[in-house]
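A.B. asks: Got a structure here, written out as structure tokens. Questions coming.
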């Protein structure tokens, strides 16, 4: 625990350094302390994960009227590790990025505070401690979203959405936790003991309240609306942290409360979780395919991946509730591994987005292209990230998705009908998501990095500073390691999953590097796959060499014989996604405006034609906007209550007096 | 001793301030407030062991009173620190003359003295008298600017508050009547707190019920609880910023202190049911009203005023629960809200000097144009919506815990729902006023930004809120002691 | 162990070789069938192999603005397909590395190949490359899920996600073959295979008409050895899919025991079964017209629904 | 128990309520002030009568104070205000006079119900009259709500105050002197403040009817 407290202290120190150190030094000092803090947190988490020992800390001196309680167990340690890894990379990244933005005192201090809360939330173990760090996490990330508000106008609206949704979510979580805590006491261990005495209704009520809050943080459809706004608006290191660490804490919360505090509850709870996951996975993947803003695409893809994670968590909960604990553990392991892998690939992709934005001053895929020539390292990281998220075998995304599918398939043999149905839905969503994700990331990589530059910004791009490159490579490496040798993580993963589900640790035993589910007849050995792939590639390369013609001759593209080839003639991201957008028009509801300017008086000759097409978030426009406008209407009506007439005010009091006299 | 010293300081400063206006007379209040704050802290330490008495048992300080003295001292320190700046600005713009500046300084001291008397008196009747006296002092302070709006506000203020507080007097009289005829041991009939509490268990329930109802409506008027809240937005928006800061920051809480005392009496006589029901209804209705009024609010000062109504509603619900934890949380909330609201009113006062308006739609990009001021307003609002690490978070969470423990989860649910909407409304208003690019707004600055010292004071006050929210030492024991003064 | 080891190696190499040679032959066979049914003589069945040999001898040409991706894409296409072949139960139920992967590996290896092809198309910075990539990915996005779910339907019955396991289980339970779940899955697989291999009515492999091209548009800028590798990759993909469908539906003939004779028999049976599938697909091609691009989703959605129904039926019939 | 004491007490207490009802009836500002003076005097009579009966010197002092403040000073102050605007009438009350009287009757019934519950604690000649005080409070409040003119509002406020004072005398023979002093002083000050405000506002704004100001609203 000491190491962990030191980690928190280092992050806090980083924040102070960021706020107080002189301008020239504050970035690197803050980053250094942040890196050290993350390393310490990793050490603490690793120790807990490897030994399975639980460490606790309590003091009444911090946090008035409640005290601070921390408890590090394998489940929490897994999320601490996830946060720490991404934190480590982003701190390194920050050194180079600071010349582009986020160098202000407030931004640095808030960044370190954000990091601290990300490390603290999975360890907080009382209602007060948890809500304190949870809300502090929201506050610091909110401030960070606003740190570039004068440059990005969207940031303000994004911050309002994010702030409101996360606050309402937190209120919901608080109420749920308090209902569990109603017997007195607020430590999670007490809550866990008390909840056995709660009625099933009360438990269910509490669970759905916390689910509302946590699912909103995890970006589950239809509570996701803040996410595609907030992630693009935040500076890239922050988006990386938000997307890969913060969002995962929503999942953590669901497991912690649902299983640890409420002991699993009924199957129906988890059916709802799976349904949320299914909706998120499909909706996120679909929107990712049609987004043209790099970060918006990544944000929707986060919704998609977190949807898969939720499917896993829901499946694990449901299977646990019907008694299939070993399969439940596999599903949980899949979710946890996906969280970590997601931290690797999505973290690196957000860092890539930051690098691209820094180099080209745009995030619009329609204005990018050709970066492969100017930014080779960034392109390589982008390629690995995209491949990993597409679940190309031997990369991180694949290992975890494989585990998830195994869990779902074996869950299909459960005896409970609702469980089987949600497993089936999970499988279907899983399958559909895979194809859509491929479209989205082929678009991301192919349009953004290949081909020819579509704007002067992309044409003049240069590679980013070394620290940024190192950070991106670090996260990429994480995803590659998970992909190639998931077996090395299996023991700790299994322990974390078993603790999370409060079941005996039985399921998966890795053999060397791959994954083997002994009693489930499933196995995957990515290392061997990579070996096979490499052999074929080498054979081909050698063969090509043997056939002569070493160097390829550069010629103009043929393009069916067209003479003039300009960058503007390439497919853009919009046109790339157009067929799919048309297929799913009923869900996406794209809006198109055509504006024709006529030449002179003639109605027949057009001078200019403006075509605009955009895909708005249907959930937002149909679900949230009406509520907001109703609230604003209520506010306008309510203003009439206070119309300035003193007689009315007096009458209010008079009526109150009469009522009180009658009642008393 | 400290009890008497506090009042002496306050009275003396009033007398000194009554001398003809000089720039230094404006500083008298600062010194006095600092002394009061210091003595209040000393008093809190002294009273943790036993209550202190002075002037033949007519003054009495228990931990609750001394805590309130600390709150009064802290907030009035903030408010009086802005006196000379406010006066200088008003004289420069011709709003005020030396004569009215003198009135202002004296009335501020009278106002503070009245509040100190209210919390330090042993007599529940004198408590009423001094709270009523604050009405008179503040009426003139509200109308200080002598504009149509200021007169209208103070007219409404005095009419509404006089009738409301008259009902509180009737309630006090009924308590006295019940005490006169209380069954049980013989006792001297007086409105002395200890005397009332000693027979509280024997008070006639019928009379006490009517009395407490009248007291809730009556003191509720000054607290700003619905339905007698209507004076509050007008008065707060028209008064000079330091006055609004004092009124919103402590006057409401001092009136609430009166309610806390009488609640203890009522609970002893009636059992917890009736007082709890009454306070919860009043509290929830207040929060609901504040919520709907905040959604479409157009003026910064009125926004803060409605937010005070909301926080008073929270206090009422907390008091309704009445467990030691709840009351301790209520008191922490009083302190946190007092400081935060004072900072915000003072900062918004500066905004109105600089921008020439407090209309939300006409102010924009404050953060980029006036970083210090905008930052203070921004962080103040964060504190106001009870985000950690500010102390309001800790107190609201503790209140919620206490409420759910008492089985009032539905009240917490309604409250949290309303708080969510209020958060949305405030964030929306803050977005309009604080954020935006520098170029979005015309570059206008009608007045220079406040001096570094004043800025530092406001920042320091917010820092205190953070410290209170982070560390429980040494306040926690004082809060619990104070809570036990009104919880048997 | 030694015995199984040579057997595993041999069956793997046999599979790869069989598909590498058989894939182009199947394409030639289909072209021949089509030509005959249209009353033409048509090119010999081995024509695709000849084309490959010719292409390998040509000069390497790269479009001016392309990058290393252009050169890598064909290799990735071929390597991923070859890897998928290596772990699939084609000639024997237990090829080497068969435990390294299961249905998900194979589906995602195929997806990797499609993605690589699309990236290659985008890399050349022409309108056609993008168009082909966009269309191919759209079709792929709808077809791959159907493939995955259809195979899952079969894995439910046999309680393993390993393809070899599925085939072995089917051999042990011949009654499954005509079960409703299998029939539905067969329908889905046929649609998927047609879409994945770019045959009519989804795509016309013989066209170079710009508005109708899908796959050809992607590989328009490839020349020489790279075109050869890409084409071989595509042919192997076709071979793999046809054989896989054949083995999953009618597994008999596949080598289950580690003897040389069984392996030879396996190759022969595989060839026959794949040829039969090719014949069937060619007949479909002859009898139907290419669908408009925006009518394709209906077809593919139909395939997906069939596969989901297959899973449901499998669960109910269990 | 002398019958003069009882008779005087009942008469004076009745006069307090009657005068408050009369204020609802009359419209002229001048007659409002007269009613108020009558009420102040009656109140003083109640206090002195009770004081004399119970030989309570504090109550006698209070009675004298009431006589001076409520019977003389306050009406005089109000008359001065009224004189600034001679002949002004409450021409258009929010609730017209007949309805007001009906309301007053209803309020009296309510205060009877509540008041007897209060009086039940210690039945006696004085205590039994407490409902009259409560009725005065309610009528005064009713006047505050329904009358538009500033002077009428002040009168309503004073009625509320007088009602409370009456209850104080009847129920408890007066609260401790310091509280009584404080409250009386407060009443006086409030009237002064209100008067000051009326005058200042009259000077500052050209609003004809001060109570109809509605500049401050949301």
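Protein chains in written order, with the working numbering: chain A, 1 to 664; chain B, 665 to 1152; chain C, 1153 to 1470; chain D, 1471 to 1688. Think of the CB as a built atom: it goes at the ideal place given N, C-alpha and C, for glycine as much as any other residue.
(1) So, is residue 840/B buried or exposed, given that buried needs 16 or more other C-beta atoms within 10 angstroms?
(2) Check residue 176/A in the structure and name its three-state DSSP category.
(3) Going along chain A in order, which residues have a C-beta closer than 8 angstroms to the C-beta of residue 820/B?
(4) Let me know the secondary structure DSSP gives residue 591/A once reduced to three states.
(5) Taking a cut of 7 angstroms between CB atoms, which residues from the segment 1520 to 1540 of chain D lie near chain B?
(6) Given this structure, state the Cα-to-Cα distance separating residue 1196/C from residue 560/A, to the nearest angstrom.
(7) Would a check of beta-carbon distances place residue 1499/D closer than 8 angstroms to chain B?
(8) Give the interface partners of residue 1091/B over in chain A, defined as CB-CB distance under 7 angstroms, in chain order.
(9) What does DSSP give as the partner residue(s) for residue 1232/C in the beta ladder?
(10) Beta-carbon of residue 828/B versus every beta-carbon of chain A: anything under 8 angstroms?
(11) Which residue comes first and which comes last in the beta strand (DSSP E) that contains residue 522/A?
(12) For residue 720/B, count neighbouring Cβ atoms within 10 angstroms of its own Cβ and tell me buried if that reaches 16, exposed if not.
(13) Any C-beta of chain B sitting closer than 8 angstroms to the C-beta of residue 661/A?
(14) Under 6 angstroms Cβ to Cβ from residue 58/A, same chain only, skipping five residues before and after it: list those, please.
(15) Give a yes or no on whether 8 angstroms exceeds the smallest Cβ distance from residue 571/A to chain C.
(16) Any C-beta of chain A sitting closer than 8 angstroms to the C-beta of residue 1612/D?
(17) Please list, in chain order, all residues of the same chain as residue 1047/B whose beta carbon is under 7 angstroms from its beta carbon, the five residues on each side excluded.
(18) Taking CB distances under 8 angstroms as the criterion, tell me whether residue 1598/D reaches chain B.
(19) When the cut-off is 8 angstroms and only beta carbons count, does residue 233/A lie next to chain B?
(20) Taking the beta carbon of residue 865/B as the centre, do at least 16 other beta carbons fall within 10 Å, making it buried, or is it exposed?
(21) Which same chain residues end up closer than 6 angstroms to residue 281/A when comparing Cβ atoms and leaving out the 5 residues on each side of it in sequence?
(22) Taking 7 angstroms as the limit between beta carbons, can you name the residues of its chain near residue 1122/B, skipping five residues before and five after?
(23) 8 angstroms is my cut-off, CB to CB: does residue 1646/D come that close to chain B?
(24) Given a threshold of 16 other Cβ atoms within 10 Å of its Cβ, counted over all protein chains shown, does residue 293/A qualify as buried or as exposed?
(25) Helix or strand or just coil, what does DSSP make of residue 754/B?
(26) Could you tell me the alpha carbon to alpha carbon distance between residue 749/B and residue 1101/B, rounded to whole angstroms?
(27) Identify which residue in 9/A, 32/A, 13/A, 1/A has its Cα closest to the Cα of residue 44/A.
(28) Kindly indicate which three-state DSSP category residue 1266/C falls into: helix, strand or coil?
(29) Please decide whether residue 309/A counts as near chain C, where near means a Cβ-Cβ distance under 8 angstroms.
(30) Is residue 1625/D closer than 8 angstroms to residue 1493/D when the C-beta atoms are compared?
(31) For residue 1180/C, which of helix, strand or coil comes out of DSSP?
(32) Tell me the DSSP bridge mates of residue 71/A?
(33) Mark residue 665/B as exposed unless 16 or more other C-beta atoms lie within 10 angstroms of its C-beta, in which case mark it buried.
(34) In angstroms with no decimal places, state the Cα-to-Cα distance between residue 1205/C and residue 1384/C.
(35) Here's the rule: buried if 16 or more other CB atoms are within 10 angstroms of the residue's CB, otherwise exposed. What is residue 897/B?
C.D. replies: Reading off the structure:
(1) With 16 or more other Cβ atoms within 10 Å, it is buried.
(2) Taken through DSSP and simplified to helix, strand or coil, residue 176/A comes out as helix.
(3) The answer, in chain order, is 646, 649.
(4) Correct three-state label for residue 591/A: strand.
(5) Of all residues in the segment 1520 to 1540 of chain D, none places a beta-carbon less than 7 angstroms from a beta-carbon of chain B.
(6) Rounded to whole angstroms, residue 1196/C to residue 560/A spans 28 angstroms at the Cα level.
(7) Against chain B, the CB of residue 1499/D has no partner CB under 8 angstroms away; the residue lies outside that interface.
(8) Ordered by position in chain A, the residues that pass the 7 angstroms Cβ test against residue 1091/B are 160, 163, 164.
(9) Residue 1232/C pairs with nothing; no bridge assigned.
(10) True, the Cβ-Cβ gap to chain A drops below 8 angstroms.
(11) Its beta strand (DSSP E) spans residues 522 to 524.
(12) Exposed, because fewer than 16 other Cβ atoms sit within 10 Å of the Cβ of residue 720/B.
(13) At least one chain B Cβ lies under 8 angstroms of residue 661/A.
(14) The beta carbon of residue 58/A sits closer than 6 angstroms to the beta carbons of 69 from its chain, once the five residues preceding and following it are set aside; these are given in chain order.
(15) Chain C, which has a Cβ nearer than 8 angstroms to the Cβ of residue 571/A, makes this yes.
(16) So yes, residue 1612/D belongs to the interface.
(17) Taking C-beta separations shorter than 7 angstroms and ignoring five residues to either side along the sequence, the partners of residue 1047/B in its chain run 1004, 1054, 1056, 1126, 1129, following chain order.
(18) No, its Cβ sits nowhere closer than 8 angstroms to a Cβ of chain B.
(19) By this cut-off, residue 233/A is not an interface position.
(20) Around the CB of residue 865/B, fewer than 16 other CB atoms lie within 10 Å, so the residue is classed as exposed.
(21) Cβ neighbours of residue 281/A beyond the five flanking positions: 304, 307, 308, 429, 433.
(22) Around residue 1122/B: 1007, 1010, 1011, 1040.
(23) Yes, residue 1646/D lies at the interface with chain B (some Cβ there is under 8 angstroms from its Cβ).
(24) Result: buried.
(25) Three-state result, residue 754/B: helix.
(26) It is roughly 29 angstroms from the alpha-carbon of residue 749/B to the alpha-carbon of residue 1101/B.
(27) The residue from 9/A, 32/A, 13/A, 1/A with its alpha-carbon nearest to that of residue 44/A is 1/A.
(28) Three-state result, residue 1266/C: helix.
(29) By this cut-off, residue 309/A is not an interface position.
(30) For residue 1493/D and residue 1625/D, yes; Cβs fall inside 8 angstroms.
(31) Note: residue 1180/C maps to helix in three-state DSSP.
(32) 56/A, per the DSSP bridge assignment.
(33) Classified as exposed, residue 665/B has fewer than 16 neighbouring CB atoms from the shown chains inside 10 Å of its CB.
(34) When rounded, the distance between both Cα atoms is 10 angstroms.
(35) Flag for residue 897/B reads buried.
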